[in-house]
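Pasting the structure below:
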């Protein structure tokens, strides 16, 4: 059972893993679990949008001053926060950080596909 949370309403929805694409996991795969609208990484840290709009994993608890640490869901096979499936990858030197809102010209809108990892 996955909890789907919007600003106006909360509804429990069952998502069948067979409805999602799958791939083999690797040592560099970021594995996440969604429980009651809270996103956890494989180390048990909580996914949050922190005060500078960056998407990161901390804690638990999430980083002090986090803007959102709950309200995550899956919408049409995409990771969502509230009703929004749009995030921003922003170039920072030779790598990208993910943000909830664009922080400048170096940012590009992205959507994050949800896939099921298999041990292969």
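Numbering (my numbering), first residue to last: 228 to 347. Glycine included, every Cβ here is placed at the ideal spot set by N, Cα and C. A quick note: this is a predicted structure, and the numbers were derived from the prediction, not measured.
Quick check on this structure: which residue in the options has the alpha carbon closest to the alpha carbon of residue i?
i           : options               : result
residue 265 : 334, 342, 322 and 285 : 285
residue 279 : 271, 290, 273 and 269 : 290
residue 312 : 319, 321 and 302      : 302
Is it buried or exposed, residue i, if we count other Cβ atoms within 10 angstroms and call 16 or more buried?
i           : result
residue 281 : buried
residue 317 : buried
residue 247 : exposed
residue 271 : exposed
residue 249 : exposed
residue 320 : exposed
With a threshold of 8 Å on Cβ separation, who are the neighbours of residue i within its own chain once the five nearest residues in sequence on each side are excluded?
i           : result
residue 315 : 325, 326, 327, 328, 329, 330, 334, 335, 336 and 337
residue 299 : 232, 261, 264, 265, 266, 274, 306, 307 and 308
residue 287 : 271, 272 and 273
Going by beta-carbon coordinates alone, are residue i and residue j separated by less than 7 Å?
i           : j           : result
residue 277 : residue 258 : no
Leaving out five residues on either side along the sequence, give the residues of the same chain with a beta carbon under 7 Å from the beta carbon of residue i.
i           : result
residue 304 : 247, 340 and 341
residue 295 : 275, 276 and 308
residue 347 : 251
residue 283 : 275 and 277
residue 323 : 316 and 317
residue 269 : 258
For residue i, which beta-bridge partners are listed by DSSP?
i           : result
residue 311 : 308
residue 324 : 317
Leaving out the 5 sequence neighbours to the left and right, which residues in its chain are closer than 6 Å to residue i when beta-carbon positions are compared?
i           : result
residue 297 : 264 and 265
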